[in-house]
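Accompanying notes for the structure given below.
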Amino acid sequence: MANLTILYDLASDKGSLSGSGSGWSGTLPPANLRNDDLAAVARYLDIKNSPARLVAGFDRVRPVNAWALIGHNASSLATMRVGLADAPSLSPVVYQSPTAPVWEPTIVWGTLPWGVWPFDGVDKETFPGAPIAFHLSPETHYAQYAFLDVTDPGNPDGYFQAGRLMIGQGWVAPDVENHDYGSSVQVIDMAEKIRTKGGRRLVGEAPKYRQWEIKLSYQSEATALGVYHDLMWRGIKGDLLVIWDSDKEPAIRNRLTLYGALAGTSPITIVEHDGWDVVLQIEELI
Numbered sequence: 002m003a004n005l006t007i008l009y010d011l012a013s014d015k016g017s018l019s020g021s022g023s024g025w026s027g028t029l030p031p032a033n034l035r036n037d038d039l040a041a042v043a044r045y046l047d048i049k050n051s052p053a054r055l056v057a058g059f060d061r062v063r064p065v066n067a068w069a070l071i072g073h074n075a076s077s078l079a080t081m082r083v084g085l086a087d088a089p090s091l092s093p094v095v096y097q098s099p100t101a102p103v104w105e106p107t108i109v110w111g112t113l114p115w116g117v118w119p120f121d122g123v124d125k126e127t128f129p130g131a132p133i134a135f136h137l138s139p140e141t142h143y144a145q146y147a148f149l150d151v152t153d154p155g156n157p158d159g160y161f162q163a164g165r166l167m168i169g170q171g172w173v174a175p176d177v178e179n180h181d182y183g184s185s186v187q188v189i190d191m192a193e194k195i196r197t198k199g200g201r202r203l204v205g206e207a208p209k210y211r212q213w214e215i216k217l218s219y220q221s222e223a224t225a226l227g228v229y230h231d232l233m234w235r236g237i238k239g240d241l242l243v244i245w246d247s248d249k250e251p252a253i254r255n256r257l258t259l260y261g262a263l264a265g266t267s268p269i270t271i272v273e274h275d276g277w278d279v280v281l282q283i284e285e286l287i
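Just so it is clear: in the sequence shown, position 151 is 152 by our numbering, and no numbers are missing.
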């Protein structure tokens, strides 16, 4: 049905993480990018004059195919480039992506009348969830160092910041083992609703978040026990990034990308020889 991608095995959380140059804030350092509190940001103060570079030195050579920067304040004109290398000098590179926009279009085509549509297709005010910049390389590469550069000299805030960095080997489900019809996306509104004695409806203010239920039928034994069993073993504390369908057009893919955690663990059920059923319940982290 779709090309499910899950990033949870993070090489960037093992080893060193630093910011290149002197523009990084001493009170909001790159180390803040290693926890799931998106409000505890890392801030780069010299974005008007030079790109913000993050460098992860893994504890050993590791496989990598995915980079994600979550909860960023990049402008719609910002660009990003990622790469891998075997040496701390980052030269020569093992892999380097083309320079690409940090923001992809967020507005679904056909949902706004002609003349209202922004030129770049980006509407940050109505975008659901934390802004996420994501890159998936065409194939897996092996390296001990990774970098991510953001160029954004026109950032209206005068600085660049982000809340979480994720670099690692994303699981891309095989076509025959993707999620099924019946999988769902739900918006959860935490606001309290009451009725007065006169019948008036009163609703308080509270955050909203999304919750997904992903049904995976007839998974191979290798996938069920080698991927989803290990994912369940992480429990409800470990964070992850899920892309519902990585081949969708950007505006749809953006709405079907979730930074979250398991809402709970669930059984992995054998239904036939080498056929296992799994249900993932994932709640958004905000």
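Ideal Cβ positions, reconstructed from N, Cα and C, are used throughout, including at glycine.
Which of helix, strand or coil DSSP assigns to residue i
i, result
"residue 2", "Residue confidence is low: residue 2 scores 47 on pLDDT, short of 50, so the model does not pin down where it sits. Its coordinate-derived value is still stated next. Reduced to three states, the DSSP call for residue 2 is coil."
"residue 171", "coil"
"residue 96", "strand"
"residue 232", "helix"
"residue 267", "coil"
"residue 276", "strand"
"residue 253", "helix"
"residue 202", "strand"
"residue 12", "helix"
"residue 286", "coil"
"residue 66", "strand"
"residue 113", "coil"
"residue 149", "strand"
"residue 139", "strand"
"residue 78", "coil"
"residue 259", "strand"
"residue 55", "strand"
"residue 131", "coil"
"residue 37", "coil"
"residue 207", "coil"
"residue 226", "helix"
"residue 176", "helix"
Rounded Cβ spacing between residue i and residue j (contact assumed at less than 8 Å)
i, j, result
"residue 4", "residue 173", "7 Å"
"residue 114", "residue 256", "At roughly 20 Å, the Cβ-Cβ gap does not stay under 8 Å, so residue 114 and residue 256 are not in contact."
"residue 189", "residue 281", "Incorrect: roughly 16 Å between the Cβ atoms, too far for contact."
"residue 146", "residue 85", "7 Å"
"residue 264", "residue 287", "Residue 264 to residue 287, Cβ: 14 Å. No contact."
"residue 87", "residue 108", "With a Cβ gap of about 41 Å, residue 87 and residue 108 do not count as contacting."
"residue 193", "residue 205", "5 Å"
Short Cβ contact (9 Å threshold) for residue i with residue j
i, j, result
"residue 166", "residue 55", "yes"
"residue 270", "residue 277", "yes"
"residue 136", "residue 79", "no"
"residue 126", "residue 251", "no"
"residue 94", "residue 134", "no"
"residue 180", "residue 132", "no"
"residue 9", "residue 202", "no"
"residue 224", "residue 268", "no"
"residue 262", "residue 164", "no"
"residue 16", "residue 57", "yes"
"residue 232", "residue 71", "no"
"residue 161", "residue 75", "yes"
"residue 187", "residue 12", "no"
"residue 43", "residue 64", "no"
Residue closest to residue i, alpha-carbon to alpha-carbon, out of the options
i, options, result
"residue 45", "36, 65, 21", "21"
"residue 59", "37, 14, 84", "14"
"residue 83", "168, 10, 284, 207", "168"
"residue 191", "284, 111, 27, 124", "284"
"residue 221", "215, 273, 171, 241", "273"
"residue 38", "281, 260, 282", "260"
"residue 185", "160, 212, 159, 161", "212"
"residue 81", "18, 148, 92", "148"
"residue 1", "19, 209, 25", "Nothing can be reported for residue 1, as the shown portion of the chain is limited to 2 through 287."
"residue 155", "206, 183, 77", "77"
"residue 242", "258, 182, 204, 62", "258"
"residue 239", "24, 35, 27, 28", "35"
Check: residue i C-beta below 8 Å from any heavy atom of the ligand HEM
i, result
"residue 200", "Although the ligand HEM was asked about, the structure shown includes no ligands whatsoever."
Minimum Cβ-Cβ distance from residue i to chain C less than 9 Å
i, result
"residue 192", "Absent from the structure is chain C; it holds one protein chain and no more."
Original post:
Is the stretch 42-51 touching the stretch 128-143, taking contact as three or more C-beta pairs under 8 Å?
Top reply: no
Original post:
Is the stretch 93-101 in contact with the stretch 118-131, if contact means three or more CB pairs nearer than 8 Å?
Top reply: no
Original post:
Per the contact definition of three or more C-beta pairs closer than 8 Å, is the stretch 198-205 in contact with the stretch 231-249?
Top reply: no
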